[in-house]
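Notes for the one structure printed next.
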Amino acid sequence: MTDYKATLNLPETDFPMRGSLPQREPERLKQWEAMGLYQKIRAFSAGRPKFILHDGPPYANGDIHIGHAVNKVLKDIIVKSKNMAGYDAPYVPGWDCHGLPIEHKVETMIGRAGDKVDHKTFRRKCREYALQQIDGQRTSFKRLGVFGDWDNPYLTLDIRVEADIIRALGKIIENGHLHKGYKPVYWSVVGESALAEAEVEYKEKTSQSIDVAYPVVDLAALGKAFAVDAPASAHVVIWTTTPWTIPSSLAVSVGRELEYALVAAGGSHYVLASELVESLAERYGWEQYEIVARARGDALDRIGLKHPFYDYGVPVLVGDHVTLEAGTGCVHTAPDHGMDDFVICQQYGIDTINPMTDGGLYRDHIKGFAGQHVYKVDPAVIERLQGTGTLLAHTEIKHQYAHCWRTKTPLIYRATPQWFVSMTRNGLRKGAQEAIPGIRWVPSWGQQRMEGMIDQSPDWCISRQRTWGVPIALFMHKTTGEIHPRTPELIEQVAQRVEVDGMEAWWDLDPAELLGNEAGDYEKVTDTLDVWFDSGVTHHSVLRKRPELGQYPADMYLEGSDQHRGWFQSSLKTGIAINNQAPYKQVLTHGFTVDPNGHKMSKSLGNVVDPKEINNKMGADVLRLWIASTDYSGEMTCSEDIIKRTGDAYRRIRNTSRFMLANMNGFDPAAHSVALDDMLALDRWMVHRAAQLQDEICQHYDNYLFLNVYQRVHNFCVLELGGFYLDIIKDRQYTTQADSLSRRSAQTALYHIFNAMTRWIAPILSFTAEELWEHMPGEKAESVFLNTWYEGVRLLADDTVWGDDFWEVAIKAKEGTNKVLEHMRSEGMKGGSLGAEVTLYCTDDMRSVLEQLGDELRFVLITSQAAVRPIGEAPAEAQDTGVEGLKVVATISEKPKCVRCWHHRDDVGADPAHPELCGRCVTNVAGAGEVRLHA
């Protein structure tokens with residue numbers, strides 16, 4: 001008996017994609033590195049239009065987390081898709097290397113600078129630690145399949161970058177934006193340094209809420225203000241949630257146009273905002289009280305009070321900053337600890353008293369509290385108030401309070417001398433406001449967020465009292481406090497030295513080397529720059545300096561949504577201050593990763609998803625696919641279960657690709673390709689669908705809609721390919737002659753689709769795409785990434801008969817028929833759909849389409865026989881299909897089964913030489929081969 005299986009053109013069912021992703025991907029990384037792929041991509045892209053995606057670096061401190069993975073993969077997808085789209089898109093990764101996180105870590109290792117170790121040694125240890133962390137993070141980022149110039153990243157600790165950061169400061173000074181000021185700023189007592197608004201986050205805190213009565217000294221003036229006789233005793237009542245500021249209280253402020261009441265209660269008189277009397281009386285437990293008189297706030301100006309426990313006078317000040325949103329309408333005023341307090345005290349000639357050290361300890365002149373820490377002093381202050389009988393109410397409240405973004409500890413406002421970039425002196429705010437609408441913000445709400453932040457932004461405090469940072473390389477006159485008149489020239493001289501010896505050149509510098517005889521009149525500034533200044537001027541220190549980048553502004557800045565207050569904002573301010581132009585054309589923002597309950601990921605909560613574990617268990621491509629398949633514009637929910645479901649979607653794309661590759665067995669594109677116009681109608685249409693889809697995918701990549709890319713590719717694999725086309729062509733692939741037009745046509749279509757699809761997925765599924773590419777038949781580039789989008793797919797003419805309209809009808813007919821056949825299987829029909837014969841009863845429009853397929857309709861429906869009849873002839877047993885205008889009668893075929901093609905046909909055994917074959921298979925085995933026209 002003939003072995004008919006040997007005559008089948010069965011493809012190889014596997015190809016060398018064996019082993020799990022975690023096993024294969026590291027080997028692929030080694031191959032890419034050995035071939036110098038990144039350098040080859042740069043050479044391949046030479047001469048194209050530039051697309052510069054500037055990196056917003058993570059701090060060089062600690063392992064990468066899932067948010068880092070999201071950030072780097074999104075950048076990588078954009079860079080790769082831009083390369084595919086015909087751009088030169090170099091990617092230079094970078095790290096912020098200075099600042100508090102690294103300094104704190106090194107302090108835990110070797111002690112505080114100036115205490116247990118000298119400053120130079122401390123800075124050297126910080127540099128060593130940062131470089132060590134960079135190496136670890138770089139390995140992790142490369143493992144994600146992120147392409148970049150990893151051997152030459154930009155580092156803010158690089159001496160050339162440090163020099164250019166100093167030069168950027170010089171440019172800002174030249175343009176008149178820097179000034180020295182003494183005023184309250186956010187202060188970290190843990191970090192012992194000033195902070196900018198960008199470094200502040202608000203977290204829940206439990207605070208002590210107190211109401212304090214300040215005794216009135218000038219009772220006659222009070223009586224005159226309220227137009228009553230002077231009371232025997234009276235108090236002005238304030239409310240605060242910061243008892244620690246009471247020792248620094250120098251005044252009480254009231255609202256100029258607010259109305260105040262003189263309230264008699266408990267044997268004394270109290271001044272409160274009129275609108276709040278009723279609620280405050282309840283809070284103070286006043287069962288009986290009387291409003292004696294009312295007066296506007298400006299009538300209370302300069303009335304003398306007494307501090308609640310110190311023996312000095314406290315005046316009433318009149319301002320416009322007092323509101324009735326909370327409290328009593330009277331605000332205790334400490335110019336050392338609040339900007340509004342500072343401003344109004346300046347107006348009244350009241351100076352600050354500098355009550356505490358950098359570390360938050362009260363100085364010796366603060367009687368009763370010297371040496372106590374600001375975090376621990378509240379109980380002692382409250383006890384003191386109780387002892388003087390001035391505490392009217394005390395409770396605890398939970399509220400949102402300013403915390404340091406890095407140390408996660410509560411901040412205080414503290415008046416200190418600092419360096420500021422002014423938002424108003426030379427139109428910096430106005431310039432930034434005008435630039436924002438001209439930037440593309442992705443998502444669009446980023447524009448409103450940035451506008452709000454710039455509108456409300458105070459002067460930017462850029463000085464830090466730290467050891468590990470770029471120095472503010474200025475010489476300040478010891479008497480006048482003015483910077484040297486030759487500052488631009490001196491800045492350049494310092495920068496040149498830093499380029500040779502690093503920032504130690506500044507710390508080791510003898511001012512006489514640059515100032516000569518003037519050195520005795522000047523002192524070096526010992527503050528360091530805010531790290532957001534370091535990263536904010538990378539458009540000056542990196543973009544303009546790296547020859548492969550070399551353009552301003554960058555096409556895109558990409559970072560997490562927290563960077564509207566950080567890198568995006570500091571870059572915009574410095575871009576306007578230096579160049580009077582924003583440093584970026586587009587800003588793309590992604591959200592934070594959270595667990596399925598919406599909780600921020602934290603090791604302490606045990607809800608962290610570690611990218612390394614995902615890489616080791618499922619592979620980086622699965623992680624990359626999850627990132628691409630998530631709406632990154634908001635919070636990104638991640639868990640092991642979600643990643644596993646992503647793995648299922650990955651396998652659908654991978655297995656569809658493997659099937660196509662397997663069915664190109666024996667296909668040489670140079671020898672066997674069929675011209676598009678000569679292909680069978682179904683094959684030509686599938687190439688057309690691929691061309692349509694490629695246009696969509698390119699648009700989605702251009703608009704950074706990676707979720708849409710994932711959905712279209714996945715749906716294409718599930719529906720058009722897996723659910724329709726690939727099922728249909730199996731018959732041709734497995735039964736027609738090896739070199740027949742019908743088989744080569746299908747293989748040509750697969751080749752075009754595979755070639756295009758491998759490129760579509762390459763920016764996202766980089767490892768998988770490269771492996772698919774490696775095994776694709778025919779001549780090709782060394783890597784999938786050395787290509788642009790595929791040009792071998794082509795759209796059909798709009799008026800073609802066998803176009804979208806035709807095949808959409810065929811798809812509906814197949815879907816409707818499948819429902820009926822599925823019902824038959826549930827009723828006990830054995831075998832597949834080839835064991836059935838069907839008659840389709842349909843409308844004239846559908847029938848006119850399906851009849852054009854003739855006998856080949858059965859190949860589309862994958863049944864042994866198929867006929868089409870008018871819907872009006874449908875018998876009672878015809879089943880609804882869910883498709884409008886289509887009913888189907890399906891019966892189990894009683895005809896013999898061909899052992900080769902599995903169709904049930906009347907002519908099985910008609911040829912005595914091949915008693916088990918149908919006539920079609922006999923033709924394919926021993927004759928000229930069947931002719932297929934359409935499917």
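Its first residue numbered 1, the sequence shown is counted upward by one per residue in UniProt numbering.
We treat Cβ as the ideally placed atom computed from N, Cα and C, and that holds for glycine.
In this structure, Gln-418 lies near Val-185, with their beta-carbon atoms less than 7 Å apart.
For Asp-880, the pairing in a beta bridge is given by DSSP as Lys-887. Contact between Ala-756 and Tyr-710 is ruled out by a C-beta separation of about 16 Å, above the 8 Å threshold.
Linking Lys-430 to Leu-195 through their CA atoms gives a straight-line distance of about 24 Å. Note that the C-beta distance between Gly-297 and Gly-255 is below 7 Å. Burial check for Asn-615: the Cβ neighbour count within 10 Å reaches 16 or more, so the residue is buried.
DSSP, read as helix, strand or coil, puts Ala-867 in strand. Counting of Cβ neighbours within 10 angstroms places Ser-193 among the buried residues, the total reaching 16 or more.
Taken through DSSP and simplified to helix, strand or coil, Cys-330 comes out as strand. Taken atom to atom, the span from the alpha-carbon of Gly-778 to that of Asp-668 is near 6 Å.
For Leu-515 against Tyr-522, the beta-carbon gap comes to about 6 Å, under 8 Å, which counts as contact.
Straight through space, the alpha carbons of Gly-634 and Gly-598 are spaced by roughly 11 Å. One Cα belongs to Met-109, the other to Glu-499, and the distance between them is close to 29 Å. Within the same chain, and ignoring the five residues on either side of Glu-770 in sequence, the residues whose Cβ sits closer than 7 Å to its Cβ are Arg-28, Ser-783 and Val-784. For His-65, no alpha helix (DSSP H) run applies, since DSSP gives it neither H nor E. Asp-149 is the residue among Lys-72, Asn-83, Asp-149 and Val-79 whose C-alpha sits nearest the C-alpha of Gly-36. With distances taken between CA atoms, Ala-85 lies nearest to Lys-50 out of Ile-165, Ala-60 and Lys-50. By the criterion of a C-beta distance shorter than 7 Å, Leu-157 is surrounded in its chain by Cys-97, His-98, Arg-127 and Ala-130, once the five residues flanking it on both sides are discounted. Every unbroken stretch of the alpha helix (DSSP H) spanning 4 or more residues and falling wholly within the segment 647-694 is given here in chain order: 669-672. Val-92 sits in coil when the DSSP states are folded into three classes, being neither helix nor strand. Secondary structure at Thr-409: coil, using DSSP grouped into helix, strand and coil. When beta bridges are read from the DSSP output, Phe-475 appears opposite Lys-524. When the Cα atoms are used, Ser-639 and His-403 turn out to be separated by approximately 29 Å. For Val-322, the three-state secondary structure derived from DSSP is coil. Approximately 17 Å separates the beta-carbon atoms of Tyr-557 and Gly-67; this is outside 8 Å, ruling out the contact. Given a length threshold of 4 residues, each whole run of the alpha helix (DSSP H) inside the segment 409-472 is given here in chain order: 428-435 and 445-456. Under the 10 Å beta carbon count, Asp-805 is surrounded by fewer than 16 other beta carbons and is classified as exposed. Following the DSSP letters along the chain, one finds Ile-397 in no alpha helix (DSSP H) but inside the beta strand (DSSP E) bounded by residues 391-404.
Secondary structure at Gln-581: coil, using DSSP grouped into helix, strand and coil. The beta carbon of His-904 sits closer than 6 Å to the beta carbons of Ser-864, Ser-893, Lys-895 and Lys-897 from its chain, once the five residues preceding and following it are set aside; these are given in chain order. Collapsing the DSSP output to three states places Lys-180 in a strand. Under DSSP, Asp-55 shares a beta bridge with Leu-558. A distance below 8 Å between beta-carbons, with the five flanking residues on each side excluded, links Ala-554 to the following residues of its chain, in chain order: Ile-52, Leu-53, His-54, His-539, Leu-543, Pro-583, Tyr-584 and Lys-585. The beta carbon of Asp-364 lies closer than 7 Å to those of Ala-370 in the same chain, with the five residues before and after it left out. Cβ neighbours of Ala-512 within its own chain (closer than 7 Å, five residues either side excluded): Ala-519. In this structure, Val-73 places its C-beta atom within 7 Å of the C-beta atom of Leu-144.
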